[in-house]
Amino acid sequence: MRVLIIGAGTGGLCLAHGLKKAGVDVALFERDRTPRSMLIGYRVGISPDGSKALHSCLPPEVFAEFVRTTARPPRRIVMRTEKYKELLVGDIDTDRDDTRSEKSVSRIAMRTALLGGLDDVVRFDKTFTHFTQNDDGTVTAFFDDGTSETGDVLVGADGAQSRVRRQYLPDAKVVDTGITSIAGKLPLTDENAKLLPPLADGGITLLFGPHGEFVIIHVMRFDGTGVEDDYIMWGYAASHEKFPDMTGMSPAELKQVVLNLTPKFHPNLRKLFALAVPETVFPIRVRTSERLRPWQPSNVTLIGDSVHLMTPGRGIGANTALRDAELLCRKLVEARAGEDAVRAIGEYEREMIEYGFEAVEASREMMDGTSLVHKPVIGPVVAAFSRTFLRVTNAVPVLKRRMLAEDAAERDHVSSDHEVVHAR
Ligand SMILES: Cc1cc2nc3c(=O)[nH]c(=O)nc-3n(C[C@H](O)[C@H](O)[C@H](O)COP(=O)(O)OP(=O)(O)OC[C@H]3O[C@@H](n4cnc5c(N)ncnc54)[C@H](O)[C@@H]3O)c2cc1C
């Protein structure tokens, strides 16, 4: 069986490793010109699910290198108001076992680690344009340099703007969530660390504003591994209406937009916004996909954002792409040839559509510009109610335990086995 994968992102690389490890002939095509031409190195949280999938697909030395490149994992989740007042604090008591623990990684570092051992599999500077399904049961992928490759299975792992999806499932919809986000990074120096909200170092911090807007803060410490310099990453998100027209704005202007939108936020938080290194500031118009009805399986399939694009709201996009990669790999390896490959793809798709769109819906709840909290008059009332709810939950250990456990379970289907999120 020869498997062609389009896209050397989170899912595509994991799948390529899994297939190669099992002895399947696999070729991966990536449009980026070089391994490090990936535009933005934002932070990705790898859940126990994600770790498990990587451990299962990667050869041991590549998995070890991936673990080495991760930053110090978050130990707690902290929710505050935009003025740094505490709403809720809960510990993330993750497994110590690397094969199923929570991890913090930089996207570029993860890609670099996952490219290890795939020199004979990955081809850069290959932009996929379209495919044909041939009468002999094979599939041919075409590239914009005029070349083509033929295999038995084609996997679209080509992310949010997937061309494989557009051709294969033309009715699949990617829709706007009504949320815009601007994110940036600054070096983690002693001075900058003093500007962080309490407990932010070593945790994931969410700050909720009075009009549905929120800020996420990650502190990335690499503990001298040389992978990257330590940094602080922030992301500000609010409904589109709150933002001016940002077409053509420079990163410095985008930073100013955040500052203009947050005059009453904690002064230290505004300093963190202002100190972001301009080249790291980027806007995201948050989009998501709509639930798909099952389709007739064939020798073409999709994994990750290409089929179930979701908001960054719950930090599960990459983890779901990894889960897809592990499941599809397992099914294809079990099947290996001819007709069986299509049956294996059908089994994969049946499961993937279920958990994939559950994840889409869960992450949309966190970032939905149409929800009441973003409305002009009722919004502040809803926001005030949510804050009260969080404060009460924080004060009642049994409520807090339940809320954090539910949250962890939604983020991770294996968490109930081995990850305990408990109240402080
Ligand atoms: C700011 C931000 C924070 C996030 N944080 C988290 C988090 O904490 N946890 C989490 O789980 N997820 C997170 N995500 C989501 C996560 O990054 C994605 O869901 C995940 O990377 C999707 O993996 P993928 O393999 O489907 O696609 P990608 O990783 O996007 O890879 C797609 C690849 O396909 C290539 N490609 C595209 N078109 C073509 C073509 N025509 N020909 C050849 N190659 C092509 C692209 O260049 C790219 O390399 C975050 C996303 C953002 C934006």
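Counting from 1 along the sequence shown, just add 214 to a position and that's the residue number in the working numbering. All residues carry an ideal CB built from backbone N, CA and C; glycine is no exception. Quick caveat, the model's predicted, so the values are computed rather than measured.
Bridge-paired residues (DSSP) for residue i
i: Thr-346; result: Thr-354
i: Ala-285; result: Ser-318
i: Glu-275; result: The partner list for Glu-275 (beta bridge, DSSP) is empty, contrary to what the question assumes.
i: Phe-496; result: Ala-397
i: Arg-158; result: Outside the modelled stretch of the chain, which goes from 215 to 638, sits residue 158, for which no answer is possible.
i: Val-369; result: Ile-219 and Thr-515
i: Leu-421; result: Arg-294 and Val-429
i: Asp-390; result: Arg-501
Residues of its chain near residue i, where Cβ-Cβ distance is below 6 Å and the 5 sequence neighbours each way are ignored
i: Pro-458; result: none
i: Asn-533; result: Ser-261, Asp-263 and Gly-264
i: Val-634; result: Since pLDDT at Val-634 reaches only 35, below the 50 mark, its modelled position is unreliable, and the value read off the structure follows with that caveat. So the list reads Asp-307, once near-sequence residues are dropped.
i: Ala-451; result: Ile-393, Ser-395 and Phe-428
i: Asp-239; result: Arg-216
i: Asp-339; result: Arg-247
i: Val-547; result: Ala-236
i: Ala-416; result: For the sequence presented, residue 416 should be read as Gly rather than Ala. Excluding positions up to five away in sequence, the list reads Arg-289.
i: Val-587; result: Gly-426, Gly-593, Val-596 and Ala-597
i: Gly-527; result: Ser-577, Met-580 and Met-581
i: Thr-584; result: Gly-392
i: Ser-630; result: The predicted position of Ser-630 is uncertain, since its pLDDT is 39 and thus under 50; a value taken from the coordinates is nonetheless stated next. Here the set comprises Ala-623.
i: Ala-285; result: Ser-318, Met-434, Arg-435 and Phe-436
Nearest to residue i (by Cα), restricted to the options the options
i: Arg-484; options: Lys-469, Thr-403 and Gly-360; result: Lys-469
i: Arg-314; options: Arg-550, Ser-270 and Phe-342; result: Ser-270
i: Gln-375; options: Met-617, Thr-502 and Glu-575; result: Thr-502
i: Lys-589; options: Gly-426, Met-460, Met-447 and Phe-599; result: Gly-426
i: Glu-442; options: Phe-280, Leu-604, Met-463 and Ala-323; result: Ala-323
i: Asp-305; options: Leu-332, Ala-222, Leu-268 and Thr-419; result: Thr-419
i: Asp-350; options: Pro-384, Gly-398, Thr-361 and Asn-513; result: Asn-513
i: Lys-235; options: Ala-573, Asp-334, Ile-498 and Arg-257; result: Asp-334
i: Ala-407; options: Asp-390, Met-434, Ala-397 and Val-595; result: Met-434
i: Val-281; options: Glu-548, Glu-316, Arg-290 and His-454; result: Glu-316
i: Phe-496; options: Arg-245, Gly-255, Ala-241 and Glu-279; result: Gly-255
i: Asp-372; options: Leu-227, Asp-582 and Leu-586; result: Leu-227
i: Arg-245; options: Phe-479, Phe-436, Gly-529 and Phe-356; result: Phe-356
i: Ser-358; options: Pro-481, Arg-507, Phe-243 and Ile-530; result: In the sequence under discussion, the amino acid at residue 358 is Asp, which differs from the Ser named in the question. The shortest Cα separation from Asp-358 among Pro-481, Arg-507, Phe-243 and Ile-530 belongs to Phe-243.
i: Arg-505; options: Asp-385, Cys-543 and Thr-476; result: Asp-385
i: Pro-412; options: Ile-291, Thr-439 and Gln-381; result: Ile-291
Own chain residues within Cβ distance below 8 Å of residue i, not counting five before or after
i: Ala-488; result: Lys-469 and Leu-473
i: Arg-377; result: Ile-220, Phe-342, Thr-343, His-344 and Gly-370
i: Pro-511; result: Val-556, Arg-557, Ile-559, Gly-560 and Glu-563
i: Thr-352; result: Thr-364, Gly-365, Asp-366 and Asn-513
i: Leu-613; result: Val-606 and Thr-607
i: Leu-516; result: Val-369, Gly-370, Ala-371, Ser-376, Val-378, Arg-379, Tyr-382 and Leu-383
i: Thr-346; result: Val-353, Thr-354 and Phe-356
Contacts around residue i, its chain only, beta-carbon distance under 7 Å, and the 5 residues preceding and following it disregarded
i: Thr-494; result: Gly-398 and Lys-399
i: His-522; result: Ser-503, Thr-534, Gly-570, Phe-571, Ala-573 and Val-574
i: Val-258; result: Val-319, Arg-321, Met-324 and Ala-532
i: Phe-603; result: none
C-beta neighbour in chain C for residue i, strict 8 Å
i: Asn-474; result: The structure shown has no chain C; it contains just one protein chain.
(message) Taking 8 Å as the cut-off, does the segment 563 to 572 touch the segment 533 to 549 (at least 3 CB pairs, one atom from each stretch)?
(response) yes
(request) Let me know the alpha helix (DSSP H) ranges lying completely inside the segment 500 to 527, each 4 residues or longer, listed in chain order. (result) none
(request) Assess, as a yes-or-no matter, whether the segment 401 to 413 is touched by the segment 435 to 450 under the definition of 3 or more beta carbon pairs within less than 8 Å. (result) yes
(message) Please give me, in chain order, every unbroken run of the alpha helix (DSSP H) with length at least 4 that falls completely inside the segment 217 to 247.
(response) 224 to 235
(message) For a minimum of 4 consecutive residues, which ranges assigned as the alpha helix (DSSP H) are wholly contained in the segment 437 to 476?
(response) 465 to 475
(request) Report yes or no: do the segment 291 to 298 and the segment 416 to 425 share at least 3 C-beta pairs separated by less than 8 Å? (result) yes
(message) For a minimum of 4 consecutive residues, which ranges assigned as the alpha helix (DSSP H) are wholly contained in the segment 598 to 626?
(response) 611 to 625
(message) I'd like to know if the segment 327 to 338 and the segment 224 to 239 are in contact, where contact means that at least 3 CB-CB pairs between them fall below 8 Å.
(response) yes
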